[in-house]
Amino acid sequence: MPSKEASGDLSMHPRRTKADAIPPLKAVLGRCMEIKDRQRGGSRDTTGKEMFHPSGLQQHLIKGYLTRTFWYQHYNYLPPIEGPRCCSELVVSFHYVGPVPPLSSPAMRCVFRYQPALPETRLKETREACKNGDPK
16 MPSKEASGDL
26 SMHPRRTKAD
36 AIPPLKAVLG
46 RCMEIKDRQR
56 GGSRDTTGKE
66 MFHPSGLQQH
76 LIKGYLTRTF
86 WYQHYNYLPP
96 IEGPRCCSEL
106 VVSFHYVGPV
116 PPLSSPAMRC
126 VFRYQPALPE
136 TRLKETREAC
146 KNGDPK
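All you need for my numbering is the position in the sequence shown, starting with 1, plus 15.
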């Protein structure tokens, strides 16, 4: 959480709420990095594909889904990659998505090759579910 100095003294601004006074964490961290003279950079894998995604899978997989005026188009350090080749095989996260959509998406099962070791019982359940067409 930012310091009192960073978020401003609320008693001086009676109409401001606490939420208004506290800058977003990324902005505070970004400012701190600037003060420490650190360079910004992207978070892509060695092939140049993105590993962290601020929206759901469809917003990245469908080319043109996000408008050119969408904040992400301007905020990203490197130009966003759209379409089926947008995502790293080592995706870390899709933000603002519940647990079911990524797991039930055929693209998530086909596009990404990385599969960490699972207990044998879980592997058997997954194989059976795939045979039956159930997107477990």
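In this text, a Cβ means the ideal position worked out from N, Cα and C, and glycines have one as well.
Three-way DSSP call (helix, strand, coil) for residue i in this model
i, result
"R100", "coil"
"T82", "coil"
"Q74", "helix"
"K51", "coil"
"L44", "helix"
Nearest candidate by alpha-carbon position, reference residue i, set the options
i, options, result
"C101", "Q74, V43, R46 and V112", "Q74"
"S103", "H89, R46, M48 and D60", "D60"
"V112", "G57, P69, G45 and T141", "P69"
"G57", "H110, K139 and I96", "I96"
Length of the line joining the Cα atoms of residue i and residue j
i, j, result
"Y92", "E143", "42 Å"
"T82", "K64", "20 Å"
"K78", "T62", "19 Å"
"V106", "P94", "18 Å"
"P99", "W86", "21 Å"
"V43", "F67", "20 Å"
"R53", "E135", "45 Å"
"M48", "L76", "31 Å"
"F109", "H89", "18 Å"
"I51", "G45", "Sequence inspection shows Lys at residue 51; the Ile mentioned does not correspond to that position. Cα to Cα, the separation comes out at about 10 Å."
"E140", "L72", "25 Å"
In DSSP terms, what residue i is bridged to
i, result
"R59", "E65"
"S108", "F67"
Cβ of residue i within 8 Å of any chain D Cβ
i, result
"S70", "In the structure shown, chain D does not exist; there is a single protein chain."
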